[in-house]
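Here this note's numbering is used: the first residue of the sequence shown is 307, the next is one more, and so on. Ideal placement from N, C-alpha and C gives every residue a C-beta, glycine not left out.
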Amino acid sequence: MNRPPQPARRGRDRRARVLLPPPGAPRVTADPPPAVAVVGGGIAGLAAATALAERGVAVTLYEREPWLGGRVAGWPTVLADGTGVTMSRGFHAFFRQYYNLRGLLRRTDPGLDRLTGLPDYPLRHSDGPRDSFRRVPRTPPLSALGFAALSPSFGARDLPGLDPIAALPLLDVRVPEVYDRLDDTSAHDFLDAVGFPDRARHLAFEVFSRSFFADPRHLSAAEMALMFHIYFLGSAEGLLFDVPHAPFPRALWEPLAAYLRGHRADLRTGTAVEAVTPTPDGGHTVATADDERRYDAVVLALDTAGLRALVARSGQLADRAWREGVARLRTAPPFLVTRLWLDRPVAPERPGFLGTSGYGGLDNVSVLERWEDEAAGWARRTGGSVVELHAYAVPLTRRREEAERDLLRQLHRIWPETRAAKVVDARHEWRADCPLFPVGGYLSRPTVHTPHPGLVVAGDLVRTGLPVALMERAATSGFLAANRLLDRWGVRGQTLWTVPDRGRHAPLRALAGWAARREAV
307 MNRPPQPARR GRDRRARVLL PPPGAPRVTA DPPPAVAVVG GGIAGLAAAT
357 ALAERGVAVT LYEREPWLGG RVAGWPTVLA DGTGVTMSRG FHAFFRQYYN
407 LRGLLRRTDP GLDRLTGLPD YPLRHSDGPR DSFRRVPRTP PLSALGFAAL
457 SPSFGARDLP GLDPIAALPL LDVRVPEVYD RLDDTSAHDF LDAVGFPDRA
507 RHLAFEVFSR SFFADPRHLS AAEMALMFHI YFLGSAEGLL FDVPHAPFPR
557 ALWEPLAAYL RGHRADLRTG TAVEAVTPTP DGGHTVATAD DERRYDAVVL
607 ALDTAGLRAL VARSGQLADR AWREGVARLR TAPPFLVTRL WLDRPVAPER
657 PGFLGTSGYG GLDNVSVLER WEDEAAGWAR RTGGSVVELH AYAVPLTRRR
707 EEAERDLLRQ LHRIWPETRA AKVVDARHEW RADCPLFPVG GYLSRPTVHT
757 PHPGLVVAGD LVRTGLPVAL MERAATSGFL AANRLLDRWG VRGQTLWTVP
807 DRGRHAPLRA LAGWAARREA V
């Protein structure tokens, strides 16, 4: 008998929280088994499909693109020098707090040997200060104290401007209570109230908000506080991270696709779903350009625009209020990923990843040959370098060509040796499909469950009620969606882990509680 693998072990944090699913049978026993359509082949859809297929559910996964992975996908392209390479939507950090995503990857890589750790998470401001998380203690609150003590961005002259009482909500972040308190405030206004010095604010906080591809003025402070909890004050995993040592398809998704096929899942890539319609017997039909099939349940694991569009075409789904809520979802501003194949190497001391602030639209720089085998092979053969530049939350008024030229100018500014380099080839990926978490928008976001018991939703746009974000929110919501369906059929679902669901230390929690009561009065 095929048994689902054991849940991935937590990392070094002994206070990581375990979430056990309801009791049930190890596998479905019905013959034929329930049939489920998973619409979307990104992390959320793959997590849902995996948990269902492992337990004997007949899974069909629909993905519009010819490849899996969603925002972490990769596809082939040919450079001007004739080299075949893999392009993607850019660098992704696999933090050690991503327990459920890492558990998904362990299905085909038990030791996570296809991930490699980068030695540091350096940050650089154009005014000169450089910060690093390599020497910062991992265990809170020493992590925050250590960062402040080691960081040149904080100085004695900055202390009088700080309002420690305003910062107290960061000491005891809980979900969903943090949204009750901070969702109506922008990340920008919250940081203003705390009074952090500008440079420290950019390097220590806005790096989190911009991870959501959003301007801090338009991002809910609750989301920024949650990020600070997940990566800094709430978890002992630290801020160092891993990256795949090969392009995303080879390292991550091709092995997982083979694993799913081994569990009899039908993976229909290159197949867009046109509509989903409830049936009188409690199921749903899924229509594509080629056919229409009936399923006992459906998982919608789409990005914001994809979910809005599919629901708009599926006028009978769930109920009117739910459809109107989906229609109100918003997408974050566009972002740009520029990848450059240069004819000479960058300086050997350049880090594999660098977060930046104050360099125009440039948010980070990556040197792919520092960790990815495909880029390293090209660099060895040509004597060149593969450099990737990111710009998050690009203003809608900015012309694409101008933004692309600006990133190259900022690269020359931050690493002067690149001024003499010739660009062998370049790829510019413009995307605008990340969810926006606006001020006051929490209650408008969909949950995993819907008014129809056979319809569930997954993705990083979903509010889970758990301390998860970004790729980990996608993986966690996918497992939660699968668990909800499995529970209907009396089958035990996936065990989940999260970082602690509240502040780690009782005295700090008490301080945060006192501040909340004081604010209420």
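The Cβ-Cβ distance between A581 and R619 falls below 9 Å.
Counting the other CB atoms within 10 Å of its CB gives V579 a total of 16 or more, which places it among the buried residues. Burial check for Q622: the Cβ neighbour count within 10 Å stays below 16, so the residue is exposed. In this structure, the alpha-carbon of L325 lies about 12 Å from that of N789. A direct Cα-to-Cα measurement between T644 and P773 gives close to 31 Å. Taking 3 residues as the shortest admissible run, the region 756-782 contains the following complete beta strand (DSSP E) segments, listed from N- to C-terminal end: 761-763.
C-alpha of A611 to C-alpha of R636: approximately 8 Å in a straight line. Within the same chain, and ignoring the five residues on either side of D793 in sequence, the residues whose Cβ sits closer than 8 Å to its Cβ are P327, P328, G330 and G799. DSSP places A357 inside the alpha helix (DSSP H), whose first and last residues are I349 to E360. In the three-state reduction of the DSSP assignment, E598 falls in the strand class, which pools E and B. Every unbroken stretch of the beta strand (DSSP E) spanning 3 or more residues and falling wholly within the region 642-697 is given here in chain order: 659-665, 668-673 and 691-697. Burial is judged here by how many other beta carbons sit within 10 angstroms of a residue's own beta carbon; V500 has at least 16 and is buried. For F547, the uninterrupted beta strand (DSSP E) run begins and ends at F547 to P550, by DSSP. In this structure, G667 and A709 form a Cβ contact; the two beta carbons are roughly 6 Å apart against a cut-off of 8 Å. Per DSSP, the beta-bridge partners of D731 are W647. Counting every other CB atom within 10 Å of its CB across the protein chains shown gives G683 a total below 16, marking it as exposed.
Under DSSP, T422 shares a beta bridge with V549.
With a beta-carbon spacing of about 29 Å, W803 and Y368 fall beyond the 8 Å limit used to define contacts.
In the structure shown, the three-state DSSP call for R737 is strand.
About 7 Å separates the beta carbon of V481 from that of L532, a gap short enough to meet the 8 Å contact definition. For the 9 Å CB-CB criterion, A552 and R408 do not form a contact. Burial is judged here by how many other beta carbons sit within 10 angstroms of a residue's own beta carbon; V754 has at least 16 and is buried. Scanning Y565, L761, E678 and R733 for the CA closest to the CA of R413 turns up Y565. The region 715-728 and the region 381-389 do not touch, with fewer than 3 CB-CB distances between them shorter than 8 Å.
In the three-state reduction of the DSSP assignment, A578 falls in the coil class, being assigned neither a helical nor a strand state. In the structure shown, A638 falls within a coil segment according to DSSP collapsed to helix, strand and coil.
H696 has its alpha-carbon roughly 12 Å from the corresponding atom of R733. Taking C-alpha positions only, E560 is separated from A355 by approximately 15 Å.
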